[in-house]
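A.B. asks: Residue numbers (my numbering), protein chains in the order written: chain A, 3 to 74; chain B, 14 to 228.
Using N, Cα and C, we set each Cβ at its ideal position, and we do this for glycine too.
Quick one: this structure, given as structure tokens, is what I'll be asking you about.
Written as structure tokens, this is what we have:
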């Protein structure tokens, strides 16, 4: 719920896929729109399964969506 | 009321609910020969019902969509459980007589009023859930927030129980005579309610903090 060490490209990938809405992505992944909002804002680190579901919905590999940076 | 817009109706009903709650907390006045506490309860429940009806008629707005179902439920829980705690504290002296609650009409009336608030909360929570029917109501983020909130709620309950134990353990004999068994039972119930309220509050704040950071 705090800022996480996992960053993501969800917002950019949504727009590159014909401006897919947050609600459409949420429905495709079976989560609430607020979770997508929290993910895009870097306020929430998803489970591995949700990460795969998001990547699948966006049509890319999971490493294209999420990046992990070692905490300093 | 039919000429008013759903939003105006909702505000009017919320104001009526507030008046009902004020009467409920005010209780019975000696100067009036009216059961004002009971009237307040009925007014509150009726106003809550019409609020729910008004909420159903308001179209889904962008502002509403920004707030998760779990956050709505948590804030409503904060309000209702808070009201139950305030009511329990205001009517705590009714549990002081050393008689069983079943034989104490004042305590029975207080218990019924508090019970009514709980029922109104459950009904409101259920009807709000119906407003979101067909949508995802809960996911892994909600579960994680609930987990963190319940840990805080448990800690709050435990600290309250410890407070009661210390109060009872270190009170002198005269003070202990004042604490009837129904009063101690009421204190234990308050400890549970405090934990529940804290749980709801932490959940609501966690949702709000995430939403605020994302805005």
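Determine the DSSP secondary structure at residue 145 (chain B), reduced to helix, strand or coil.
C.D. replies: Translated into positions along the second chain, residue 145 (chain B) becomes position 132. In this structure, residue 145 (chain B) counts as coil in the three-state DSSP scheme.
A.B. asks: How should residue 220 (chain B) be labelled, buried or exposed, when 16 other C-beta atoms within 10 angstroms of its C-beta is the threshold for buried?
C.D. replies: Reading the second chain from its first residue, position 207 is the one you call residue 220 (chain B). Buried, since its Cβ has 16 or more Cβ neighbours within 10 Å.
A.B. asks: Does the contact criterion of 3 or more C-beta pairs under 8 Å hold for the segment 58 to 71 of chain A versus the segment 16 to 27 of chain B?
C.D. replies: Result no; under three Cβ-Cβ pairs closer than 8 Å.
A.B. asks: Checking contacts by CB at 7 Å: is residue 69 (chain A) closer than that to chain B?
C.D. replies: Counting from one through the first chain, the residue named residue 69 (chain A) turns up at place 67. Answer no: the Cβ-Cβ gap between residue 69 (chain A) and chain B never drops below 7 Å.
A.B. asks: Please work out which residues of its chain come closer than 7 Å, Cβ to Cβ, to residue 188 (chain B), disregarding the five sequence neighbours upstream and downstream, and give them in chain order.
C.D. replies: Here the question's residue 188 (chain B) lines up with position 175 in the second chain. Excluding positions up to five away in sequence, the list is empty.
A.B. asks: Need the endpoints of the alpha helix (DSSP H) that residue 174 (chain B) sits in, please.
C.D. replies: The residue labelled residue 174 (chain B) in the question sits at position 161 within the second chain. Here the alpha helix (DSSP H) through residue 174 (chain B) covers 153 to 183.
A.B. asks: Please classify residue 36 (chain A): does DSSP put it in a helix, a strand, or coil?
C.D. replies: Position 34 of the first chain, counted from the first residue, corresponds to residue 36 (chain A). Looking at residue 36 (chain A) - three-state DSSP - the assignment turns out to be helix.
A.B. asks: Please determine if the segment 171 to 184 of chain B and the segment 123 to 132 of chain B are in contact, where contact requires at least 3 C-beta pairs separated by less than 8 Å.
C.D. replies: No, the segment 171 to 184 of chain B does not touch the segment 123 to 132 of chain B.
A.B. asks: Quick check: the segment 196 to 207 of chain B against the segment 137 to 149 of chain B, are there 3 or more CB pairs under 8 Å?
C.D. replies: Segments in contact, no.
A.B. asks: According to DSSP, is residue 37 (chain B) helix, strand or coil?
C.D. replies: As a first step, residue 37 (chain B) must be located in the second chain, where it is residue number 24. Residue 37 (chain B) falls in the helix class under three-state DSSP.
A.B. asks: Just the C-alpha distance for residue 27 (chain B) and residue 64 (chain B), rounded to the nearest angstrom, thanks.
C.D. replies: As a first step, residue 27 (chain B) must be located in the second chain, where it is residue number 14. As a first step, residue 64 (chain B) must be located in the second chain, where it is residue number 51. Between residue 27 (chain B) and residue 64 (chain B), the C-alpha separation is close to 7 Å.
A.B. asks: Distance, Cα to Cα, residue 33 (chain A) vs residue 10 (chain A)?
C.D. replies: If you number the first chain from 1, residue 33 (chain A) lands on position 31. If you number the first chain from 1, residue 10 (chain A) lands on position 8. So the alpha carbons of these two residues sit roughly 17 Å apart.
A.B. asks: I'd like to confirm the pairing. Which residues does DSSP put opposite residue 98 (chain B) in its beta bridges?
C.D. replies: Reading the second chain from its first residue, position 85 is the one you call residue 98 (chain B). Partner(s): none; residue 98 (chain B) has no beta bridge.
A.B. asks: Please list the partners that residue 37 (chain A) has in chain B, where partner means a Cβ-to-Cβ separation under 9 Å.
C.D. replies: Locating residue 37 (chain A) in the first chain gives position 35, where the first residue counts as 1. Neighbours of residue 37 (chain A) on chain B, chain order: 81, 149, 152, 153, 154 and 155.
A.B. asks: Would you mind sorting residue 17 (chain A) into buried or exposed? The rule is 16 or more other CB atoms within 10 Å of its CB.
C.D. replies: As a first step, residue 17 (chain A) must be located in the first chain, where it is residue number 15. Burial call: exposed.
A.B. asks: Residue 57 (chain B) to residue 222 (chain B), Cα distance in whole Å?
C.D. replies: Mapped onto the second chain, residue 57 (chain B) falls at position 44. Mapped onto the second chain, residue 222 (chain B) falls at position 209. Cα to Cα, residue 57 (chain B) sits roughly 31 Å from residue 222 (chain B).
A.B. asks: Within 10 angstroms of its Cβ, does residue 169 (chain B) collect 16 or more other Cβ (buried), or is it exposed?
C.D. replies: For the purposes of this step, residue 169 (chain B) is identified with residue 156 of the second chain, where counting begins at 1. It counts as buried.
A.B. asks: When burial is assigned at 16 or more other CB atoms within 10 Å of the CB, is residue 38 (chain A) buried or exposed?
C.D. replies: Start at 1 with the first residue of the first chain, and residue 38 (chain A) comes out as number 36. Buried.
A.B. asks: Quick one: is residue 57 (chain A) near chain B, going by C-beta distance under 7 Å?
C.D. replies: Here residue 57 (chain A) corresponds to residue number 55 of the first chain, with the count starting at 1. Not an interface residue.
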